[in-house]
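Notes for the one structure printed next.
2 protein chains.
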Amino acid sequence: MKRNVKEKRIPQETIKRLALYLRSLKKLRKENLTIVSSNQITAHLNVTSEQFRKDISYFGSLGKRGVGYKTDILIEHLERIFGVDKERRIILVGAGKLGSALLAYPGFLNFNLRIVAAFDNDPAKIGKVLGGIKIEDISKMKKIISKIGVELAILTLPADSAQVIAEKLLDCGIKGILNFAPVNLNLPKNVYVLNVDMAAELMALTYFSKSLSKDD
Amino acid sequence: MKRNVKEKRIPQETIKRLALYLRSLKKLRKENLTIVSSNQITAHLNVTSEQFRKDISYFGSLGKRGVGYKTDILIEHLERIFGVDKERRIILVGAGKLGSALLAYPGFLNFNLRIVAAFDNDPAKIGKVLGGIKIEDISKMKKIISKIGVELAILTLPADSAQVIAEKLLDCGIKGILNFAPVNLNLPKNVYVLNVDMAAELMALTYFSKSLSKDD
DNA sequence: CCTTGTGAAAACTTTCACAGCT
DNA sequence: AGCTGTGAAAGTTTTCACAAGG
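In the order they appear, the protein sequences are chains Y and U.
First residue of the first sequence? That's 1 in the working numbering, and the numbers climb one at a time after it.
First residue of the second sequence? That's 1 in the working numbering, and the numbers climb one at a time after it.
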């Protein structure tokens, strides 16, 4: 299955920016712009238009010189690149405060991402309904996942149970984990793990905001 | 105010890893290890020991050849680098689901970071107490911030109000913002903004977990 | 004259290899 | 013998400069 015009290595950072472009494009489309330039797309992002064009070029020549990009077509392209041209379903594991917040987070739907099931191992949480989704026992995970055929999971458990449950997710056929637990998950590399470490981000902020006061 | 042995540019990625090292070191200290090697520190992180040594070397020679690093001293050093050798106070703006989750998040305290005040502009939320903190009206922000002298803020507002309130934060003397709103904040560069874009992260996950199935 | 697309240069980051202490 | 510290090499990403097309 050939991916594209050229089979080059695509920088990780490019992928992260692609989501920003998609969000920007959807906003421009709402403003009824059918043709947009790289400058318009990146105007409110912290990205230069050259960077945008370079990023997009990994996937082919999608614009017209002297003109710009067709909004619809570029959106479709990006959605296909991410695999969200059809709704992509996700499960959530860990229905604590953070998990509950993510269950209700509206920002996922804008990208065609929908949380369709949630699990916890705390009896106090099982059975509750949050954001329209009933929290199920983790022991039922394998059965439910195989029924609904999901391959992405958001992990919002405490650090101490994250590794064990991540291994279970693997066993359930999960292929990608967005991990909010502040631990490095040790898993075979046929699962892709992406960490969101909020405390570490806040620490980086303390450092950088401190160094602003310095000569510079 | 001279920072260090050598005044080299420090990679951004180094700073992000430094927080992971600090977390690891604190764990090792709990296990009563007074001397640790770079291998021990990075054993459960996704970082090589060379990377660790290189990262640390930007701040001087903190270890002993043939021996390792004194746990306590390295922890102190890192805490000073981040400015969390004393408790660092933070405010939170936006007491919705995500804000409430962060107010209760235990992972910040481990790094000596404490949320000491929270604000919202929704009358329904003002006055409520979450995680021991009373939600105040955003209009009182300037007065309260100048009283408690905080310079870091976590912003968990919806995208549409984030820019306006961020400008207010600037006016209140805030120097760093951890922004969870899915917009690029346009602020002068004497404020440091760090974005956590959860929907974009999830999108990156869909891309990378998809590409795992490919030849590779 | 406008905007895209892209090699080539520059900048940045990680990995390597090994010298230097204990 | 074991572990740190670090220049130099390799690898990666961004920026530049400009050719190509509408």
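Positions of the beta carbon are idealized from the N, C-alpha and C atoms, including for glycine.
Extent of the continuous beta strand (DSSP E) to which residue i belongs
| i | result |
| --- | --- |
| TYR192 of chain U | 192-195 |
| ARG114 of chain U | 113-120 |
| ILE56 of chain Y | It is not in any beta strand (DSSP E) - ILE56 of chain Y instead sits in the alpha helix (DSSP H) that spans 49-57. |
| ARG9 of chain U | Unbroken run through ARG9 of chain U: none, as it is neither H nor E. |
| ALA153 of chain Y | 152-155 |
Span of the alpha helix (DSSP H), counted from its first residue to its last, around residue i
| i | result |
| --- | --- |
| LEU170 of chain U | 159-171 |
| ALA19 of chain U | 12-30 |
For residue i, three-class secondary structure by DSSP
| i | result |
| --- | --- |
| TYR69 of chain U | strand |
| ASN227 of chain Y | Residue 227 of chain Y falls outside the range modelled here, since chain Y spans only 1 to 216, and no answer is possible. |
| GLY297 of chain Y | In the structure as shown, chain Y begins at 1 and stops at 216. Residue 297 of chain Y is therefore absent and cannot be evaluated. |
| ASP216 of chain U | Interpretation of ASP216 of chain U is limited by its pLDDT of 39, a score under 50 that renders its predicted location unreliable; no figure is taken from the coordinates. |
| LEU130 of chain Y | strand |
| ALA104 of chain U | coil |
| LEU178 of chain Y | strand |
| LYS147 of chain U | helix |
| LEU92 of chain Y | strand |
| LYS64 of chain U | strand |
| MET1 of chain Y | Any reading at MET1 of chain Y must be qualified, since the residue scores a pLDDT of 33, below 50, and its modelled position is unreliable; no value is offered. |
Distance between beta carbons of residue j and residue i, contact taken as under 8 Å
| i | j | result |
| --- | --- | --- |
| ALA204 of chain Y | LEU194 of chain U | 6 Å |
| ALA162 of chain Y | ASN179 of chain Y | 7 Å |
| ILE165 of chain Y | VAL93 of chain Y | 6 Å |
| GLY83 of chain Y | LYS210 of chain U | 5 Å |
| LEU155 of chain U | ILE177 of chain U | 5 Å |
| ALA118 of chain Y | ILE91 of chain Y | 7 Å |
| ILE75 of chain Y | LEU18 of chain Y | At roughly 11 Å, the Cβ-Cβ gap does not stay under 8 Å, so ILE75 of chain Y and LEU18 of chain Y are not in contact. |
| HIS77 of chain Y | LEU62 of chain Y | 6 Å |
| ILE115 of chain U | ILE144 of chain U | Their Cβ separation, rounded to whole angstroms, is 13 Å, which puts ILE115 of chain U and ILE144 of chain U out of contact at 8 Å. |
| ILE41 of chain Y | TYR21 of chain Y | 6 Å |
| LYS70 of chain Y | THR34 of chain Y | 7 Å |
| ALA153 of chain U | LEU169 of chain U | 5 Å |
| ARG53 of chain Y | VAL150 of chain Y | Incorrect: roughly 35 Å between the Cβ atoms, too far for contact. |
| SER38 of chain U | SER49 of chain U | 4 Å |
| ALA101 of chain Y | ALA95 of chain U | ALA101 of chain Y to ALA95 of chain U, Cβ: 11 Å. No contact. |
Cβ-heavy atom distance, residue i to the ligand GTP, below 7 Å
| i | result |
| --- | --- |
| LEU152 of chain Y | Ligands displayed in this structure: none; no statement on the ligand GTP is therefore possible. |
What residues in the stretch 199-210 of chain U have a beta carbon less than 9 Å from any beta carbon of chain Y? Within the stretch 199-210 of chain U, the qualifying residues are ALA199, ALA200, GLU201, LEU202, MET203, ALA204, LEU205, THR206, TYR207, PHE208, SER209 and LYS210.
In the stretch 64-79 of chain Y, which residues sit with their C-beta less than 8 Å from some C-beta in chain U, listed in chain order? Listed in sequence order: no entries.
Going along the stretch 101-120 of chain Y in order, which residues come within less than 8 Å of chain U, judged by CB to CB distance? ALA101, LEU102, ALA104, TYR105, GLY107, PHE108, ASN110, PHE111 and LEU113
In the stretch 32-57 of chain U, which residues sit with their C-beta less than 7 Å from some C-beta in chain Y, listed in chain order? HIS44, LEU45 and ASN46
Using a Cβ-Cβ cut-off of less than 8 Å, list which residues of the stretch 172-184 of chain U approach chain Y; keep chain order. LYS175, GLY176, ILE177, LEU178, PRO182, VAL183 and ASN184
If the cut-off is 7 Å on Cβ atoms, which residues from the stretch 124-147 of chain U count as contacting chain Y, listed in chain order? For the stretch 124-147 of chain U, which is checked against every Cβ of chain Y, not one residue is closer than 7 Å.
Report the residues of the stretch 16-29 of chain Y with a CB closer than 9 Å to any CB of chain U, ordered along the chain. LYS16, ARG17, LEU18, ALA19, LEU20, LEU22 and ARG23
At a Cβ cut of 8 Å, what residues of the stretch 81-94 of chain U count as close to chain Y, listed as they run along the chain? ILE81, PHE82, GLY83, VAL84, ARG88 and ILE90
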